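Visitor:
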Amino acid sequence: DTAVSQTPKYLVTQMGNDKSIKCEQNLGHDTMYWYKQDSKKFLKIMFSYNNKELIINETVPNRFSPKSPDKAHLNLHINSLELGDSAVYFCASSEGLVADTQYFGPGTRLTVL
Amino acid sequence: AQSVTQPDIHITVSEGASLELRCNYSYGATPYLFWYVQSPGQGLQLLLKYFSGDTLVQGIKGFEAEFKRSQSSFNLRKPSVHWSDAAEYFCAVGPSLDTGRRALTFGSGTRLQVQP
Chain B
59 DTAVSQTPKY LVTQMGNDKS IKCEQNLGHD TMYWYKQDSK KFLKIMFSYN
109 NKELIINETV PNRFSPKSPD KAHLNLHINS LELGDSAVYF CASSEGLVAD
159 TQYFGPGTRL TVL
Chain D
11 AQSVTQPDIH ITVSEGASLE LRCNYSYGAT PYLFWYVQSP GQGLQLLLKY
61 FSGDTLVQGI KGFEAEFKRS QSSFNLRKPS VHWSDAAEYF CAVGPSLDTG
111 RRALTFGSGT RLQVQP
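Residue numbers (our numbering), protein chains in the order written: chain B, 59 to 171; chain D, 11 to 126.
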């Protein structure tokens, strides 16, 4: 059984479009995250939700909006896509906020043309 | 602010040789430390973690890491590398109530190539 799943795995779209990436975890965790991995493999936190409440919002453009309908889901919606948004986006989850291991999804490779 | 440095961008070793990947962190107190591995086209998989206690931690796939407070290091080791170990390795410092940091801080990664 997949612990943290993301859809789609690949997403190719044109500049200016709006797209969403979905994430689901079946681990019963309270906290979920979105990370962005750029072309140089650098990983950076974007957002985090704990019990459906936004707790981390790192300097990310307003075009990115996370939504957590329940504890098991954290979706990422991106408006007006730009070339620089091309990256791999990883969802992760953890039981708590501090000392707990984060479990990562397989990633969504977004390519903006 | 906490930070993580992986000095080696790229390392090549021969199959069967030993391996050490370096990781240095900047943090005031005892950090929570992690090593993750990312195989090509895959997500991140946890290899091992250090929270407290024994400074030598064992992980999956035959990896181990040693926490050295005096050197602010958490180097990853494996006595005999297999071709399937070729991947990107990330060291990370965990969230901290002390710094207010609530997410993992990753190093820039070390790409491991294994020669036959």
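All C-beta atoms in this analysis are idealised placements derived from N, C-alpha and C, irrespective of residue type, glycine included.
All values reported here derive from a predicted model rather than from experimental measurement.
Please compile the residues from chain D whose C-beta is within a distance smaller than 8 Å of the C-beta of T159 (chain B).
Guide: Here the question's residue 159 (chain B) lines up with position 101 in the first sequence. Neighbours of T159 (chain B) on chain D, chain order: F44, L56, K59.
Visitor: Tell me the residue span of the beta strand (DSSP E) that contains R121 (chain D).
Guide: Position 111 of the second sequence, counted from the start, is the residue given in the question as residue 121 (chain D). Note, R121 (chain D): beta strand (DSSP E), 120–125.
Visitor: Kindly give me the distance between the Cβ atoms of N75 (chain B) and L134 (chain B), rounded to whole angstroms, as I take these residues to be in contact under 8 Å.
Guide: Along the first sequence, one-based indexing puts residue 75 (chain B) at 17. Along the first sequence, one-based indexing puts residue 134 (chain B) at 76. Contact flag wrong, Cβ pair sits at about 14 Å.
Visitor: Which residue comes first and which comes last in the beta strand (DSSP E) that contains K67 (chain B)?
Guide: The residue you call residue 67 (chain B) lines up with position 9 of the first sequence. Per DSSP, K67 (chain B) belongs to no beta strand (DSSP E) and is neither H nor E.
Visitor: Classify Y93 (chain B) as buried or exposed, calling it buried when 16 or more other Cβ atoms lie within 10 Å of its own Cβ.
Guide: Locating residue 93 (chain B) in the first sequence gives position 35, counting from the first residue. Counting Cβ neighbours within 10 Å, Y93 (chain B) comes out buried, since at least 16 surround it.
Visitor: Alpha carbons only, please: which of B:T89, B:N84, B:M104 is nearest the one belonging to P119 (chain B)?
Guide: Counting from one through the first sequence, the residue named residue 119 (chain B) turns up at place 61. Checking every option, the nearest Cα to that of P119 (chain B) belongs to B:M104.
Visitor: Check whether the region 27–42 of chain D and the region 92–109 of chain D are in contact - that is, three or more C-beta pairs closer than 8 Å.
Guide: Counting Cβ pairs under 8 Å, three or more are found: they touch.
Visitor: Determine the extent of the beta strand (DSSP E) in which N133 (chain B) is found, giving its start and end residues.
Guide: Taking the first residue of the first sequence as position 1, residue 133 (chain B) is located at position 75. Counting along the chain, the beta strand (DSSP E) containing N133 (chain B) begins and ends at 131–136.
Visitor: Hey, could you find the ends of the beta strand (DSSP E) L168 (chain B) is sitting in?
Guide: By 1-based counting over the first sequence, the position of residue 168 (chain B) is 110. Note, L168 (chain B): beta strand (DSSP E), 166–170.
Visitor: Report the rounded CA-to-CA distance for L31 (chain D) versus T60 (chain B), giving the unit in angstroms.
Guide: In the second sequence, counting from the first residue as 1, residue 31 (chain D) sits at position 21. In the first sequence, counting from the first residue as 1, residue 60 (chain B) sits at position 2. Taking the straight line joining both Cα atoms gives about 29 Å.
Visitor: Just the chain B side, please: which residues come within less than 7 Å of A113 (chain D) by C-beta, in chain order?
Guide: Taking the first residue of the second sequence as 1, we reach residue 113 (chain D) at position 103. Correct list: Y91, I103, S106, I114.
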